[in-house]
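Participant:
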Amino acid sequence: MSLTLAQIAEYINGNVIGDANYSVSSVGTLSNADSSQLSFLSNPKYKKFLNQSCAGAIIVLKGMAQYVTTNAIEVDDPYVAYAKAASLLHPTEKKLPGIHPSASIDPSAKIGANVSIGANVVIEQAVIIEDDVVIGPGCVIEHDVVIRKAANLRPNVTLCFGVIIGERTIIHPGVVIGADGFGIANDNGHWIKVPQVGSVNIGNDVEIGANTTIDRGAIDDTVIADGVKLDNQIQIGHNVTIGKHSVIAGCTGIAGSTSIGEYCAIGGGTGMAGHINIASGVQLTGMSMVTKSINEAGIYSSGIPVEPAKQWHKNVIRYRQMDKLFDRVKQLEEKTKD
Amino acid sequence: MSLTLAQIAEYINGNVIGDANYSVSSVGTLSNADSSQLSFLSNPKYKKFLNQSCAGAIIVLKGMAQYVTTNAIEVDDPYVAYAKAASLLHPTEKKLPGIHPSASIDPSAKIGANVSIGANVVIEQAVIIEDDVVIGPGCVIEHDVVIRKAANLRPNVTLCFGVIIGERTIIHPGVVIGADGFGIANDNGHWIKVPQVGSVNIGNDVEIGANTTIDRGAIDDTVIADGVKLDNQIQIGHNVTIGKHSVIAGCTGIAGSTSIGEYCAIGGGTGMAGHINIASGVQLTGMSMVTKSINEAGIYSSGIPVEPAKQWHKNVIRYRQMDKLFDRVKQLEEKTKD
Amino acid sequence: MSLTLAQIAEYINGNVIGDANYSVSSVGTLSNADSSQLSFLSNPKYKKFLNQSCAGAIIVLKGMAQYVTTNAIEVDDPYVAYAKAASLLHPTEKKLPGIHPSASIDPSAKIGANVSIGANVVIEQAVIIEDDVVIGPGCVIEHDVVIRKAANLRPNVTLCFGVIIGERTIIHPGVVIGADGFGIANDNGHWIKVPQVGSVNIGNDVEIGANTTIDRGAIDDTVIADGVKLDNQIQIGHNVTIGKHSVIAGCTGIAGSTSIGEYCAIGGGTGMAGHINIASGVQLTGMSMVTKSINEAGIYSSGIPVEPAKQWHKNVIRYRQMDKLFDRVKQLEEKTKD
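Protein chains in written order, with this note's numbering: chain C, 1 to 338; chain R, 1001 to 1338; chain H, 2001 to 2338.
1. Nearest chain H C-beta to Leu332/C closer than 7 Å, yes or no?
2. Let me check understanding here. Comparing Cα to Cα, which of Ser2025/H, His2238/H and Ser2301/H lies closest to Ile2177/H?
3. Given a limit of 8 Å on CB to CB distance, which residues of the stretch 2190-2215 of chain H reach chain C?
4. Can you tell me whether Ile1141/R is buried or exposed? The criterion is at least 16 other CB atoms within 10 Å of its CB, across all chains shown.
5. Since Leu1284/R sits in a beta bridge, which residues does DSSP pair it with?
6. Please report the residue range of the alpha helix (DSSP H) in which Ala2327/H lies.
7. What in chain R is Cβ-close to Arg2320/H, meaning under 9 Å?
8. Under 7 Å, Cβ to Cβ, is there at least one residue of chain C near Val1080/R?
9. Exposed or buried, which one is Met2365/H when buried takes at least 16 other CB atoms within 10 Å?
10. Mind checking whether Ile1165/R and Ala1151/R have CB atoms under 7 Å apart?
11. Taking only beta-carbon positions, decide if Ser2259/H is within less than 7 Å of chain R.
12. Does the Cβ-Cβ distance between Thr1222/R and Val1247/R come in under 7 Å?
13. Taking only beta-carbon atoms, is Gln235/C less than 7 Å away from chain R?
14. Given that a residue counts as buried once 16 or more other Cβ atoms are within 10 Å of its Cβ, and exposed if not, what is Lys1084/R?
15. Leaving aside the five residues before and after Ile1184/R along the sequence, list all residues of the same chain whose C-beta is less than 8 Å from its C-beta, in chain order.
16. Contact defined as beta carbons within less than 8 Å: I believe Thr1213/R pairs with Ala2210/H. What is the distance between those atoms, to the nearest angstrom?
17. Using a C-beta to C-beta distance shorter than 9 Å, which residues of chain R count as neighbours of Ala2083/H?
18. I need the DSSP call for Phe2182/H, collapsed to helix, strand or coil.
19. Between Ile2105/H and the rest of its own chain, which residues show a CB-CB distance below 6 Å, the 5 nearest in sequence each way excluded?
20. Ignoring anything shorter than 4 residues, give me the alpha helix (DSSP H) runs that lie fully in the stretch 1233-1265 of chain R, in order along the chain.
21. Is it the case that the Cβ atoms of Ile2171/H and Val2157/H are separated by a distance below 7 Å?
22. In the DSSP assignment, find the alpha helix (DSSP H) that holds Lys292/C and state where it starts and stops.
23. Given this structure, state the Cα-to-Cα distance separating Asp1323/R from Glu307/C, to the nearest angstrom.
24. Excluding the 5 residues preceding and the 5 following Leu2003/H in the sequence, name in chain order all residues of the same chain whose CB lies nearer than 7 Å to its CB.
25. Flag this pair as yes or no: are the beta carbons of Ile1128/R and Lys1149/R separated by less than 7 Å?
26. Using a cut-off of 9 Å between C-beta atoms, extract the partners of Leu1325/R located in chain H.
27. How about Ile2202/H and Thr2169/H: do their beta carbons lie closer than 7 Å?
28. What is the rounded straight-line gap between the Cα of Ile2012/H and the Cα of Val2075/H?
29. Using the C-alpha atoms, what's the distance from Gln1331/R back to Asp1338/R?
30. Given this structure, state the Cα-to-Cα distance separating Ile254/C from Gln283/C, to the nearest angstrom.
31. Any Cβ of chain H within less than 7 Å of the Cβ of Ala1103/R?
32. What residues from chain H crowd round Gly1174/R, counting only those whose CB sits closer than 8 Å?
33. Does the distance from the C-beta atom of Gln1233/R to that of Asn2232/H stay below 7 Å?
34. If you measure between the beta carbons of Ala1072/R and Ile1008/R, is that distance less than 7 Å?
35. Would you say Thr4/C lies against chain R (beta-carbon separation less than 7 Å)?
36. Can you name the residues of chain H whose CB is closer than 8 Å to the CB of Ser1288/R?
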């Protein structure tokens, strides 16, 4: 794949400053790209690196081409433009349609056109797989699952019975969708299982990172709306709902029945209690601890970052003495009262 | 499956208030159930929702039937009763016994009666699988594993060599039991592997959530006692022991050789240091940080929940100045001494 | 496998105090070993347990044999010596070379000598597998992957296209290497995918714990250097680099483009922001929250361990009032100024 800067500029709605007929064939970082590669700069504060780059062309913000010693493409949003150019130069591999002979497919399953099914895939009864779906090797698709158009399952994904996956949704390896939620009831000192009879409904254009787990609902469904992006190793409890275009970074855990609005951005390692509501537009920094509903959009944080262990020891002790310190200050105030 | 309220009431030890011959066929939430469904109310503070429900019947606490406008079943513990009724109306799917032709089973393995083995399952030498066990597609059972009666492995589970799984234990997709513990020794600046020669012993009636990992012991075994319930994405280090009927929520990590008592309840995202003891009856709230043994039953907590980022910044600074504040208060006290 | 103490002592560079012809056949803990087993004591403070042990022989620090009532082997570092002795008595199972008939191997793949490939393994185009590699059942090896000499993949591992695995590297079940990093760009309110065109390069003698995930680079590669040891359920973001001989405990998450030096030791449950640098020799205690670069070797910590819930409630309130307390102390200081 080799494209001229003119072709790329047209696709990303940019202007070539330099040789529009120059060709590039892949992307590279500013520091490592060679003359056959396209690079980009999104943060203007690093513009000093522009003239050290050996890239054949660089995507920059409008007005920044003057700092580029090679060819430039000026755009409104260099990162978005880069993403689009990169997908043009590095298109997603198109798996050839076809069913690997080692796949086990129940005769009652309905398989659409141009579907690619990898080695050792298992597809149970009454599954519906729409056109252009790709299912990687080793995936297990239990009965009554629906996978909509052009969804892409990477290897070793498990979809439990009845789960629905939306169009163009990408699911990375090791993901488990629709396992039982953590429903237990204490019957005279023994925990008994509460049947999990809901399912999971995943929207269109969702992406789900490696080894993430999304539990089926206890009664109603767990729901992930269109455009949600989940990183790796996230745990989504039963009956959680996540609104459109919210994004969640890795290692986050969300307990059951919590509802997250639209356009939220949740940092990695966050923990959320169950049965709470997070308003649309909430941003949480990494390792946030969320125990109550958040009713207003805005940025929220928690946690005290690392310090040298010696100071940390001292500060933890002080923390535990705070209550007494309040008393001491109160006494001082009374003593010095006029 | 359709059952009369009389049949259900008998099974859950309740009293029908209304039409005992009324039939329901599935469960539903108070707000979404229709007239063919059974619902429940466990928290009396939500009793105002009872008369808005379209459920065909509602399980309630004794004395609460008066608030139900449709049929009611009164019981001592509505949540436990609901769990039992739901398992009656939604019985676990019974996989047909049989061995899928694509399964690879070593001839030395002993397979009991009424066992169901899914597609692509791999069973190595000297494995023992007792009666009524279900093994989902894609599971790998290494040599010398023992799976006791009626245990249920969902798809893509990995059991490493020698692991023992108790009766009726349920293991969800992606679980790995018996991988090597994290044993390393520093030999002149290089880490060398400490062989992990123990195994894992899982009791009866245990449930293990999706993508949870339980490491094999370094010398002796890692032990999970009867009735323990583990949620998703939990990490259990080598030689951990967990006592009967303890429950652990998702994303918790427990370092090696830590011992947890019986009837503990551990919130999600908790981290526990290694080589400590947690007494029976300890409850930990979510995201607890446990660095030392806890010797008495009770509720323990840690962590400071989120606040708006601006306040958080200020509070973190104040936290780091606390030690100086103690000095300042001390000086004030000396200055104002009588 | 049965060895005399003389044979073991020679291998671990120790001195037998007692019967050098005595034989042991396995390892055991001080408290549980019997007379056919070899044990060890690495922490001298537990020497009181030496004379209660029924072990056939005990590895101890030089000068400690006097406290052993049975046979002893004195060495410089008992834990390292134990690790070596244990690997002698419990050698890693040698899988027989050969390719299971159910494996799906693309004809363009190059398979070395003495390679063992388990049931249902999938190997795509142009994969290179060097001599003595072991690939467990259910692994999926996408196209263009390179697995160097004597690497050992346990069951159900997924290696995405182009990933490189070093010599003797051990990868535990459920690991996913080379899934797409979390690269998204906001295009007028919709998140679009940023193609992840880099790969993952794993060095020699690395060990990667069960269900750990390591994402492929966005443009350049994610790099794990020689001798790194990763525990279970770790998440490594795109373009992270980890220096030689660093070790990371379970449930840690490292965000994209962060660089970790050599010989670091990172406690479990740690979270690291993206785009930061951690100097060589940094040690982090468990559940550390790292938001900024750490430029000097040393021990760093964060987090406030659990306390009884009642005190925790009070302390969280006090924490939030700290800023006001500083004001009150300031007022007191002004009031009492001379």
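We put the CB at the ideal spot given by N, CA and C, even for glycine.
Facilitator: The relevant details are as follows:
1. yes
2. His2238/H
3. His2190, Trp2191, Ile2192, Lys2193, Val2194, Pro2195, Val2197, Asn2211, Thr2213 and Asp2215
4. buried
5. Ile1266/R and Tyr1300/R
6. Rather than Ala, the amino acid found at residue 2327/H in this sequence is Asp. That run of the alpha helix (DSSP H) goes Ala2309 to Lys2335.
7. Ile1304, Glu1307, Gln1311 and Asn1315
8. yes
9. Not covered by the structure: residue 2365/H. The range shown for chain H is 2001 to 2338.
10. yes
11. no
12. no
13. yes
14. buried
15. Trp1191, Ile1192, Lys1193 and Val1194
16. 4 Å
17. Gly1183, Ile1184, Ala1185, Asp1187, Ile1192, Lys1193, Val1194 and Pro1195
18. coil
19. Ile2123
20. none
21. yes
22. Unbroken run through Lys292/C: none, as it is neither H nor E.
23. 14 Å
24. Ser2023, Val2024, Leu2088 and Leu2089
25. no
26. Met2322, Leu2325, Phe2326 and Val2329
27. yes
28. 8 Å
29. 13 Å
30. 15 Å
31. no
32. Gly2174 and Asn2211
33. no
34. no
35. no
36. Val2306
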